[in-house]
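Start counting the sequence shown at 369; every next residue gets the next number (my numbering).
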Amino acid sequence: MAMKAAKCIVKALEKAKVSVVFGIPGRWVLPIYEALRSSKIRHVLMRDERGASYAAYGYAKARKWVGVCLSTAGPGALNALPGIAAAYRDHIPVTLISGQVSEENVEASVEYVDALSIYRHVTKAALKISLAETPSNTVLKALSSSLTPPTGPSYVEASLGLQLSEIKNCKTDFQLTIKNNTLCEEDVTQVVKLLNKAKRPLILAGHGVILAKAHKSLQSFSIKYGIPVVTSLLGRGALSEYSNLNLGWIGLRGNEQANLALSQCDVLIILGCRLSDLTITSRNILVGKRIVHVELDERNFYDKADLKIKADVKAFLECLLKHMKGFTKKPLWFKKKRVEYAYKGVMSKALKSVFKHVRKGFFTIDIGQHAILALTLAKVSHKKSLIIPGGLAPMGFAIPAAIGACLVKKGVEVVALVGDGGFQMSCSELATISQLNLPIKIVLFNNRGLGLIRQQQEAFYGVSYETSFKDVDYVKLAES
């Protein structure tokens with residue numbers, strides 16, 4: 369039966385088990401919105417496309433499935449760029465479907481911009497729907513690309529003329545094909561030999577452990593063989609931070625014990641971790657260690673690793689467990705000490721209270737001075753998760769991301785931790801929260817300006833410049 373291409377696009381989303389999309393209607397995407405009107409997919413009306421892209425990120429992270437956002441052409445598509453770029457840096461599966469101006473006399477059209485070329489730099493796949501291929505196939509190809517490890521965002525563009533065109537056959541065959549890299553037996557054997565000789569072995573667990581859903585495999589391996597674990601910022605939650613084997617997170621803002629263990633280990637197994645400048649502040653700390661790096665994205669390999677293994681982290685750990693039968697459990701060479709942080713002040717007191725009373729759910733965190741303290745005081749487990757865009761580190765993220773996370777499951781507790789700078793970039797989404805009557809808690813830390821930047825200016829130049837805000841009555845703003 370013939371149908372509009374726009375309806376075929378929506379049918380593809382339904383087939384891929386997409387239940388929520390975030391967006392704002394605009395001239396060049398109206399046919400898709402008309403098709404959504406009769407669909408079971410829930411549309412969440414955000415207040416700008418940047419918020420829609422952040423909400424899709426938060427939804428994808430919380431649901432562990434693709435998050436979808438919609439935009440119109442030109443300014444709409446460009447406005448969604450920060451959230452897609454953040455998803456690209458953090459390997460979060462998000463798909464942006466954008467309208468485009470009609471193809472007749474494109475360059476003369478108001479709102480035209482070559483968004484396809486722009487999005488090619490920050491997505492796994494940037495695709496344009498044409499009648500040469502069924503629209504649903506293109507959409508499903510993009511969704512599949514986003515969900516195939518290493519996961520990441522995708523972009524789909526459909527011109528207004530195409531959305532309105534009639535098609536005879538809307539194919540919606542969605543099959544997610546996960547390509548399992550065949551593990552080389554020799555590589556795994558080499559890892560076993562390294563661990564056998566090691567006196568101070570250590571595991572560095574990154575975001576790849578979480579993306580691969582390898583929490584239980586990591587826990588089994590660490591406990592069975594007595595190997596302590598440190599994590600990256602985005603790897604927090606790979607192993608419960610209440611575990612005695614989890615020494616904390618490493619890096620510039622990381623835990624002192626974790627950084628000390630990293631400096632003292634002789635064999636380091638890196639699992640799904642990009643060694644950013646915030647994770648490894650100096651490459652000198654890795655000198656003299658035997659290093660194994662397990663990673664799906666070859667771009668993330670440490671160039672001086674003794675062994676680079678391109679593999680899914682969960683598959684690697686399960687294979688390693690099989691090969692280590694008969695392996696003697698190591699005596700624990702680094703014992704975790706309980707640390708009570710003696711931070712004083714209103715911000716510290718507020719954060720401690722929040723973390724004490726919210727024992728499970730999601731914390732979405734904006735970048736800022738408050739984030740550093742929050743990350744230090746928080747303890748992460750499978751019940752309590754942090755959603756923070758650590759790779760791109762944009763402000764204005766926490767509130768829209770909280771909307772996305774809140775819509776994953778009814779009754780889930782979601783707390784957004786924001787500074788006044790990030791709040792002013794995203795406070796329009798309070799209207800979205802109010803309209804949907806979402807039980808999101810927002811904790812706002814008001815230091816009357818861009819505190820982190822002010823701090824850096826004073827450290828580098830001895831004086832701050834253009835980092836202070838006029839005080840705002842945020843309580844009245846929220847009440848309105």
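Positions of the beta carbon are idealized from the N, C-alpha and C atoms, including for glycine.
None of these values were measured; they are calculated from a predicted model.
If you draw a straight line from the Cα of Lys747 to the Cα of Arg621, it is about 15 Å long. Counted as a single uninterrupted DSSP element, the beta strand (DSSP E) harbouring Glu525 occupies residues Ser522 to Ser527. In the three-state DSSP reduction, His583 falls in the helix class (H, G or I). When rounded, the separation of the alpha-carbon atoms in Ser421 and Gly451 is 5 Å. Taking Leu511 as the centre and dropping the five residues before and after it, the same chain places the C-beta of Ala384, Val434 and Thr463 closer than 6 Å to its C-beta, in chain order. In this structure, the CA atom of Ser585 is about 41 Å from the CA atom of Ile392.
Contact annotation: Val524 and Ile460 have beta-carbon atoms that are not nearer than 8 Å.
CA-to-CA, the gap between His411 and Ile400 works out to about 11 Å. Going by C-alpha positions, Phe390 is about 9 Å away from Gly419. At a Cβ-Cβ threshold of 8 Å, Ser504 and Lys408 do not count as neighbours.
When C-alpha distances from Leu398 are compared across Ser527, Asn473, Thr519 and Leu381, the shortest belongs to Ser527. Per DSSP, Phe813 is one residue of the beta strand (DSSP E) stretching across Ile808 to Phe813.
For Gly787, the enclosing beta strand (DSSP E) stretches over residues Val782 to Gly787. Closest in alpha carbon position to Lys777, among Ile377, Lys432 and Ala742, is Lys432.
By the C-beta density criterion, Thr557 is exposed, having fewer than 16 other C-beta atoms within 10 angstroms. Val681 and Asp634 have their alpha carbons spaced roughly 21 Å apart. The residue from Val782, Trp701 and Ser721 with its alpha-carbon nearest to that of Asn612 is Trp701. With a 10 Å radius around the Cβ and a threshold of 16 neighbouring Cβ atoms, Tyr610 comes out exposed. About 5 Å separates the Cβ atoms of Ile595 and Pro569, confirming a contact at the 8 Å cut-off. For Lys712, there is no enclosing beta strand (DSSP E), as DSSP marks it with neither H nor E. The Cβ atoms of His661 and Ala673 sit closer than 8 Å to each other. According to the DSSP secondary-structure assignment, Arg410 is paired through a beta bridge with Val388.
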